[in-house]
Structure formats: C-alpha cells, structure tokens
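The opening position of the sequence shown corresponds to residue 1 in full-length UniProt numbering, with each subsequent residue numbered one higher.
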Amino acid sequence: MEKLRTGALYIRVSTADQAELSPDAQKRLLLEYAKKNHIIIGEDFIYEESVSGRHAQKRPKFQEMIAMAKSLAHPIDVILVWKYSRFARNQEESIVYKSMLKRDNVDVISISEPLIDGPFGSLIERIIEWMDEYYSIRLSGEVLRGMKEKALRNGYQSVPSLGYQAVGKGKAFVINNDEIDIVKFIMDSYDNKNLDPSGIARRCNAMGYHTRRGNLFERRTIERILRNPFYSGTVAWNGVEFEGDHETIISKEQYNNRVKLMDARKKTQSHDVSTCRHWLSGLVTCSICGASLGHNNAKTPFFQCWKYAKGYHDSSCYISEQKLERMVLQYFEDILNGKDFTYKSRSNKAAINNDELTFLKHELDKLDTKESRVKDAYENEIDSLEEYKENKERLNRQRDEIKDKIKVIKERNVDNPVPKEEALKEIRNVYEILKDPTASYEVKGNFIRSIVDKIVFDRKKCLLFFDIKL
Numbered sequence: 001m002e003k004l005r006t007g008a009l010y011i012r013v014s015t016a017d018q019a020e021l022s023p024d025a026q027k028r029l030l031l032e033y034a035k036k037n038h039i040i041i042g043e044d045f046i047y048e049e050s051v052s053g054r055h056a057q058k059r060p061k062f063q064e065m066i067a068m069a070k071s072l073a074h075p076i077d078v079i080l081v082w083k084y085s086r087f088a089r090n091q092e093e094s095i096v097y098k099s100m101l102k103r104d105n106v107d108v109i110s111i112s113e114p115l116i117d118g119p120f121g122s123l124i125e126r127i128i129e130w131m132d133e134y135y136s137i138r139l140s141g142e143v144l145r146g147m148k149e150k151a152l153r154n155g156y157q158s159v160p161s162l163g164y165q166a167v168g169k170g171k172a173f174v175i176n177n178d179e180i181d182i183v184k185f186i187m188d189s190y191d192n193k194n195l196d197p198s199g200i201a202r203r204c205n206a207m208g209y210h211t212r213r214g215n216l217f218e219r220r221t222i223e224r225i226l227r228n229p230f231y232s233g234t235v236a237w238n239g240v241e242f243e244g245d246h247e248t249i250i251s252k253e254q255y256n257n258r259v260k261l262m263d264a265r266k267k268t269q270s271h272d273v274s275t276c277r278h279w280l281s282g283l284v285t286c287s288i289c290g291a292s293l294g295h296n297n298a299k300t301p302f303f304q305c306w307k308y309a310k311g312y313h314d315s316s317c318y319i320s321e322q323k324l325e326r327m328v329l330q331y332f333e334d335i336l337n338g339k340d341f342t343y344k345s346r347s348n349k350a351a352i353n354n355d356e357l358t359f360l361k362h363e364l365d366k367l368d369t370k371e372s373r374v375k376d377a378y379e380n381e382i383d384s385l386e387e388y389k390e391n392k393e394r395l396n397r398q399r400d401e402i403k404d405k406i407k408v409i410k411e412r413n414v415d416n417p418v419p420k421e422e423a424l425k426e427i428r429n430v431y432e433i434l435k436d437p438t439a440s441y442e443v444k445g446n447f448i449r450s451i452v453d454k455i456v457f458d459r460k461k462c463l464l465f466f467d468i469k470l
C-alpha cells in the first residue's frame with residue numbers, strides 16, 4: 001500500500017500569458033493529482049499568488065510557503081505545481097529553492113511535466129527550467145515593446161495616479177471620487193495655504209488619509225503628487241508623453257507655476273520649514289563663520305551659532321527669539337515707510353525661460369509630425385483636398401501662435417529686476433503674514449523665504465543684513 005504524504009499546492013498565473021490555465025483550473029487538477037497519488041492537502045496549505053513576478057522576492061505567498069515547508073515541524077512532504085515555471089522562471093532561483101527544500105526532504109512535483117527517476121530525469125528538469133526562463137525573458141521584452149507601441153498610440157496603460165481609476169482597453173482614466181478629494185486637499189494646501197510637503201504629509205496623516213497602498217503619506221509622496229503632470233492632462237509612460245483625454249483637475253498654467261515655485265524653493269531651502277523649530281531657523285547666519293543660527297527652545301527661547309555652541313570659535317552670536325523677530329519686522333516696516341533697500345533677481349528666471357523655450361520647440365516638432373501625417377492622409381486618399389487644406393491651415397495657425405510665444409520669451413530681458421513697485425507689494429504681503437499672530441510658523445517660514453535667501457546677524461553691531469531676491 002502506497003504511503004500517505006502531506007503536501008501543499010502552489011498556484012500562480014502569469015498575467016501576460018492568456019493561454020494558461022486559470023487558478024481554479026490549476027487547483028482542480030492539482031487536487032485530482034493529489035487524490036490519485038495519496039497526497040493529503042490541507043486547506044491552509046493551498047498558496048495562490050495574486051501577483052506575477054520572475055523573482056521570488058516579489059511573491060509573498062511563495063515566501064510564506066517556503067518558510068512553512070522549512071519549519072521544524074516538517075508539515076509537508078511535497079509541493080505540487082502545474083508547471084515548473086509556476087515555481088520559478090529563473091533557473092538559478094529554482095535550483096536554490098529546490099536544494100533548500102530537498103535538504104528538508106520536501107519534493108517539488110510538476111503534474112503536467114512528469115520526469116523519470118535518475119540523473120537523466122534531473123537533466124530534463126534543468127532543460128525545462130532553462131526553456132521556461134528563456135520564454136519568460138523573451139515574453140517580458142515583447143510585452144514591453146507592445147506597451148511602448150500602445151503608448152505611442154496614446155493608450156492609457158500605467159497604474160492610475162491617485163484620484164483616478166482605469167476602465168480598461170487603453171481608454172482614458174476616470175475620476176475616483178473617493179480619492180480625488182485627497183489630491184485636491186494636497187494641491188490646495190501647497191498652492192493656496194503655503195504649506196510645505198512635510199507639513200502637508202503630516203496633516204494628511206492626521207486626517208486619516210492614506211496612499212492607495214494604505215501607507216502613511218510622507219514628503220516624497222506629496223512631492224510626486226504635486227509634480228505629477230497627469231493632473232494637468234499629460235500622460236507619461238517610459239519616456240513617451242502625450243496629451244490625454246481624461247478629466248483634469250488643474251490647468252497647464254497652474255501646474256507649470258507650481259513646478260517653477262517648487263524648483264525655486266528647492267534651491268533656497270535645504271529642508272522644509274515645517275521640520276524647523278522656528279520660522280527663522282536655517283535662514284539667519286553668523287557674521288563670523290557663516291554657519292546658521294540654531295533655535296533653542298529654552299525658558300527664554302534664543303538663537304545661537306551652532307559652531308560657537310560646539311566650540312569652533314569663541315565669539316558668541318546669541319540673540320533672543322523675541323529680539324530677532326522684532327528686528328526682522330522692523331526691517332520690513334522701515335522699507336514700507338520709504339527706507340531705501342537693494343534686491344536681486346532670482347537666478348532661476350533664465351532657467352525657467354529656457355524650460356519654456358524647450359517646451360515650445362518640442363511643440364513645434366510635434367506639429368511637423370502632425371503635418372506629415374496630414375499630408376500622408378491626403379496622398380493616400382483618406383482625406384479630401386478640402387480636409388487637407390483645413391487641417392493644414394489649423395496647423396499653421398498653431399505654429400504661428402507658438403512662434404509668437406517663442407519670440408516674446410527671447411525678447412524678454414531676464415536680467416531686468418522686478419520693478420520696485422512690485423517688489424514693495426511682495427514685501428508688504430510677507431510683512432502682513434509675519435506680523436499676523438494667527439499665522440502658523442510654517443506659513444510664515446514659507447512666505448519670508450519667498451523673498452529672502454539669507455539674513456546675516458552681526459552681534460557686535462547688533463545689525464541684520466538681508467539678502468533679498470525677487
């Protein structure tokens with residue numbers, strides 16, 4: 001009488017292989033095989049993988065099964081799979097895991113690929129595994145090529161951004177009402193409430209919001225959402241971009257302005273204001289060594305050069321928090337009352353103009369491609385002469401509009417500073433926020449950094465020197 005054995009089933013279907021047996025069909029055949037061969041399968045020992053992957057690390061159910069099989073209790077004698085490719089499509093991994101299991105007296109059996117006993121059977125098994133790995137690599141290349149072709153035909157295929165959901169068949173993504181409010185809250189917090197990404201992440205988490213994967217928000221997650229062009233209509237996949245048909249929640253102008261602001265802030269801030277102890281932290285520097293003044297939240301809060309605190313030099317740069325705040329407010333108040341001041345233009349303006357030029361030239365290139373297609377359609381008698389003329393006129397109008405924009409940008413003198421009237425207007429806006437007792441330190445910090453790059457404190461003269469850039 002054949003000895004009873006205990007076993008486990010491992011079921012996995014590759015999403016790319018439509019000709020494969022379904023999970024239910026695999027399960028049915030595996031259970032039939034187990035019954036015929038006197039293998040007992042417990043309900044807890046049926047492992048069905050919901051994800052596909054060539055590498056074992058990407059398959060949590062596989063890892064769970066291996067850990068169970070190697071446990072000291074030795075709960076199973078055999079693992080049944082439909083094909084060896086379901087166990088592993090990487091021959092190196094297959095050999096490693098099978099060797100590990102073999103040491104614990106656990107066999108791996110493919111019910112559709114029976115092998116003879118002995119060394120010749122092992123050789124056939126290796127050949128099958130090598131062919132499976134070759135097929136997997138070749139298939140992944142074909143899938144990527146197919147996906148790129150789909151993207152070039154303006155098809156939607158990437159994972160939908162937070163706030164959207166897929167409808168299938170390459171059609172435009174639609175709004176997900178359960179998620180879109182989170183995205184709108186994030187954008188409103190940055191665009192209109194002047195909160196930084198770290199502060200926005202904390203507020204999202206405090207409100208119980210989570211990412212699509214159920215994780216907490218963090219600074220990087222917020223920045224990716226704020227910089228994602230999909231929300232303004234641009235679909236990007238693996239280097240291919242096109243203007244999609246999905247419903248947008250912000251305009252191109254809003255998106256471009258936000259990205260410019262984020263780039264400008266990135267150059268002037270080493271870290272988010274919301275992570276600082278005070279809205280002036282990291283902004284005020286020591287006149288002796290150039291190091292920043294750290295904020296100390298003592299009984300009487302104060303600022304002190306961190307290098308002096310660590311013994312790098314013997315000249316204190318102490319100033320109380322109250323006195324420093326009063327001096328900053330007084331400086332702006334004096335300017336608004338007519339005191340002369342100097343300021344510079346932000347160096348990123350030229351870069352912004354170059355970005356605009358690059359974008360517009362890219363749009364011109366796309367028009368050339370469209371014009372070529374219009375011509376082909378006429379020559380192949382797909383479009384009539386009237387349709388060809390109409391399409392060409394439309395493209396010419398678009399080309400003229402883009403050329404006009406390029407001309408304006410080239411004629412713009414990027415070295416000209418902001419007019420003094422506009423500079424005073426910006427300074428007044430910042431001053432009103434700084435003296436508002438209800439404004440949070442995050443808002444105050446972001447506002448002052450929008451016009452001030454650095455403040456140098458000279459303790460001997462008890463003076464502040466402001467580096468204003470507008």
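No residue lacks a Cβ here, since even glycine has one placed at the ideal position from N, Cα and C.
On a predicted model such as this, the values are computed, not experimentally measured, just so you know.
- Assigned with DSSP and collapsed to three states, L360 falls in helix.
- A direct Cα-to-Cα measurement between P160 and K366 gives close to 25 Å.
- The shortest C-alpha to C-alpha distance from T6 to any of I40, Y33 and Q26 is the one to I40.
- Residue nearest to V452 within the set G338, F332 and D404 is F332 (criterion: CA-CA distance).
- Inclusion of K344 and K469 in the CB contact set at 8 Å is warranted, their separation being smaller than that value.
- For F447, there is no enclosing beta strand (DSSP E); the residue is found in the alpha helix (DSSP H) stretching over Y441 to R449.
- By a beta-carbon distance limit of 8 Å, L280 contacts L324. Their separation comes to about 6 Å.
- Ranked by Cα distance from Y33, the options S22, S112 and Y97 are led by S112.
- Per DSSP, the unbroken alpha helix (DSSP H) holding E421 starts and ends at K420 to L434.
- According to the DSSP assignment, F332 belongs to no beta strand (DSSP E) but to the alpha helix (DSSP H) extending over E321 to L336.
- Non-local C-beta neighbours of K193 in its own chain, meaning closer than 8 Å and more than five positions away in sequence, comprise V443, ordered along the chain.
- Each of L329, N37, R103 and V456 was checked against the Cα of S292, and the nearest Cα belongs to V456.
- When secondary structure is reduced to three states using DSSP, E241 falls in the strand class.
- Taking 8 Å as the upper bound for CB-CB distance, S189 and R219 are not in contact here, some 13 Å apart.
- Straight-line spacing of the CA atoms in D191 and I319 works out to 34 Å.
- For S110, the number of other beta carbons within 10 angstroms of its own is at least 16, and it is reported as buried.
- A direct Cα-Cα distance of roughly 29 Å separates C305 from N429.
- Short of 6 Å from the beta carbon of I180, and not among the five residues preceding or following it, lie these beta carbons of its own chain, in chain order: G163.
- Here L9 is actually not in contact with L101; their C-beta atoms are around 15 Å apart, not less than 8 Å.
- S71 has its alpha-carbon roughly 25 Å from the corresponding atom of K83.
- If you check the CB distance, L434 and L261 do not come in under 8 Å.
- The beta carbons of F303 and H313 sit no closer together than 8 Å.
- Between I448 and L283, the CB-CB gap stays under 8 Å.
- Cα atoms of H362 and H210: separation of roughly 37 Å, rounded to the nearest angstrom.
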